[in-house]
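Trainee:
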Amino acid sequence: MPVPLLIDAETLRDQLGGVQPPRVLDVRWRLDRPDGRPAYREAHVPGAVYVDLDAELAEHGAPATAGRHPLPSPERFATAVRRWGLRAGEAVVVYDDLGGLSASRAWWLLRDAGVADVRVLDGGLPAWVAAGLPVDAGEVEPEPGDVVPAPGGMPVIDLDAVAALPERGVLLDARAGERYRGETEPIDPRAGHIPGALSAPTAASLAPDGRFLPVDALRERFAALGVRVDRPVAAYCGSGVTAAHEVFALALAGFDAALYPGSWSQWSNHPGLPVATGAEPGAVDARPRPLPALAEVVRTVAVLRGPGG
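In the UniProt record's numbering, the protein residues as written are 1 to 309.
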């Protein structure tokens, strides 16, 4: 039986009081306020360990051409997983305070590393508080864990393959519509989107209360974008963080999607690559390049690790 991807606040409360409580990870992070530790110290789900997205869920020292949040090296991620106290066979629950937008990055990396049971707290900390459940202050520092990550379990796509994907599949841009259209670009060197990509702001997968839409509504949303089980699909965002949220929403809807870790921050740092602007996808890059086989795109086109990601 498939492991559920979401968990609600009341179910998490019950599991935390059970004989095998899950490991809870607080992954609060925002583009304009990346350090979530002060908020974590003020109030978090009891027992939750703080995860530093910039330090533990991304590699450091990579060139700009690799993107702003390349995937962490296996060594860096293994160190983080041990610090979080993860034990073999233990279930994990991740959350944030913004509809899962950053928690999904931890979900993706843990699933990629072979952790079988990883769930996102639906609605995050706001849903926990709204349910009248208690919070703790301070830091949680567990005993080191024993999980040994085995990266490679999730499909990823690289710079060359993502350029060709729209010719035979669906490439979703998870950023806000104004960034897709090129009307504004607050952080990366060029504005616009990858030619052939469709605008699919990942926030549209959430209800006003920050919980995910029902599965039927998610399926309808992605079907309207041309997503089908027999077509490869991949997602990107600004730097590979909220694209994981799009991949998570697609998984809820029953679709296996590839993540483009480099995302727009990588693409836009390559001056020779084309950029489309406006509301339309734009022409797909027609430069000669080998097209990956359909099965390769659906599964793992290229595993991007460390500075090369």
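For each residue, glycine too, the CB sits at the ideal point set by N, CA and C. Remember, predicted model here, so these are calculated numbers, not experimental data.
Is A207 helix, strand or coil when you go by DSSP?
Mentor: As a working note, residue 207 is residue 207 in the sequence shown. Here A207 sits in coil by DSSP.
Trainee: To the nearest whole angstrom, what separates the beta carbons of G67 and S265, a pair I think is in contact under 8 Å?
Mentor: Looking up residue 67 in the sequence shown gives position 67. Looking up residue 265 in the sequence shown gives position 265. Contact flag correct, Cβ pair sits at about 4 Å.
Trainee: Specify the secondary structure class of V45 as computed by DSSP and reduced to three states.
Mentor: The residue given as residue 45 occupies position 45 in the sequence shown. Coil, per DSSP.
Trainee: When the Cα atoms are used, what is the spatial distance from Q20 to E90?
Mentor: Stepping through the sequence shown from its first residue, residue 20 is reached at position 20. Stepping through the sequence shown from its first residue, residue 90 is reached at position 90. Going by the C-alpha atoms only, they are around 8 Å apart.
Trainee: Fully enclosed by the segment 150-177, which alpha helix (DSSP H) runs are 4 residues long or longer?
Mentor: Counting whole runs of 4 or more residues, the segment 150-177 contains the alpha helix (DSSP H) stretches 159-164.
Trainee: Round the Cβ separation of A62 and L25 to the nearest angstrom and send it over; I've been treating them as touching at under 8 Å.
Mentor: Within the sequence shown, residue 62 is the residue found at index 62, counting from 1. Within the sequence shown, residue 25 is the residue found at index 25, counting from 1. 24 Å between Cβ atoms; not a contact.
Trainee: Do you know how far the Cα of T242 is from the Cα of E185?
Mentor: Position 185 of the sequence shown, counted from the first residue, corresponds to residue 185. Position 242 of the sequence shown, counted from the first residue, corresponds to residue 242. So the alpha carbons of these two residues sit roughly 16 Å apart.
Trainee: Note the first and the last residue of the continuous beta strand (DSSP E) segment covering R111.
Mentor: What you label residue 111 is simply residue 111 of the sequence shown in a count that begins at 1. R111 -> not in any beta strand (DSSP E); alpha helix (DSSP H) instead, spanning A103 to D112.
Trainee: Find out if the Cβ-Cβ distance for the pair L86, R28 is shorter than 7 Å.
Mentor: Taking the sequence shown and counting its residues from 1, the one referred to as residue 86 is at position 86. Taking the sequence shown and counting its residues from 1, the one referred to as residue 28 is at position 28. Contact: no.
Trainee: Report the start-end ranges of each beta strand (DSSP E) in the UniProt domain "Rhodanese" (18-137) that is 3 residues or longer and not cut off at the edges.
Mentor: Counting only runs of 3 or more, we get 23-26, 92-95 and 118-121.
Trainee: Would you kindly report the start and end of the unbroken beta strand (DSSP E) that includes L235?
Mentor: Locating residue 235 in the sequence shown gives position 235, counting from the first residue. What sits at residue 235 in the sequence shown is Ala, not Leu. Looking at the DSSP string, the run of the beta strand (DSSP E) that includes A235 is V233 to Y236.
Trainee: I need the DSSP call for F248, collapsed to helix, strand or coil.
Mentor: As a first step, residue 248 is located in the sequence shown; it is residue number 248 there, counting from the start. Reduced to three states, the DSSP call for F248 is helix.
Trainee: According to DSSP, simplified to helix, strand and coil, what is L6?
Mentor: On the sequence shown, position 6 is the one that residue 6 refers to. Strand at L6.
Trainee: Who are the near neighbours of H193 in its chain, counting only those whose CB is closer than 6 Å to its CB and skipping five residues on each side?
Mentor: As a first step, residue 193 is located in the sequence shown; it is residue number 193 there, counting from the start. Excluding residues within five positions, the ones whose Cβ falls inside 6 Å are D173, Y180 and A276.
Trainee: Which residue marks the beginning of the alpha helix (DSSP H) containing F222, and which one marks its end?
Mentor: Position 222 of the sequence shown, counting from 1, holds the residue named residue 222. That run of the alpha helix (DSSP H) goes V215 to A224.
Trainee: Can you tell which of F77, A130, A137 and A235 has the C-alpha that lies nearest to the C-alpha of R111?
Mentor: For the purposes of this step, residue 111 is taken as residue 111 along the sequence shown, with counting starting at 1. R111 has its Cα closest to that of F77, out of F77, A130, A137 and A235.
Trainee: Quick one: what does DSSP say L259 is sitting in, helix, strand or coil?
Mentor: Locating residue 259 in the sequence shown gives position 259, counting from the first residue. Strand, per DSSP.
Trainee: Could you tell me the distance, in whole angstroms, from the CA atom of V135 to the CA atom of L12?
Mentor: As a first step, residue 135 is located in the sequence shown; it is residue number 135 there, counting from the start. As a first step, residue 12 is located in the sequence shown; it is residue number 12 there, counting from the start. The straight-line gap from Cα to Cα measures roughly 13 Å.
Trainee: Give the straight-line distance between the Cα atoms of P151 and L109, rounded to the nearest whole angstrom.
Mentor: Numbered from 1 along the sequence shown, position 151 holds the residue referred to as residue 151. Numbered from 1 along the sequence shown, position 109 holds the residue referred to as residue 109. C-alpha separation (whole angstroms): 8 Å.
Trainee: Helix, strand or coil for A243, going by three-state DSSP, please let me know.
Mentor: The residue you call residue 243 lines up with position 243 of the sequence shown. Here A243 sits in helix by DSSP.
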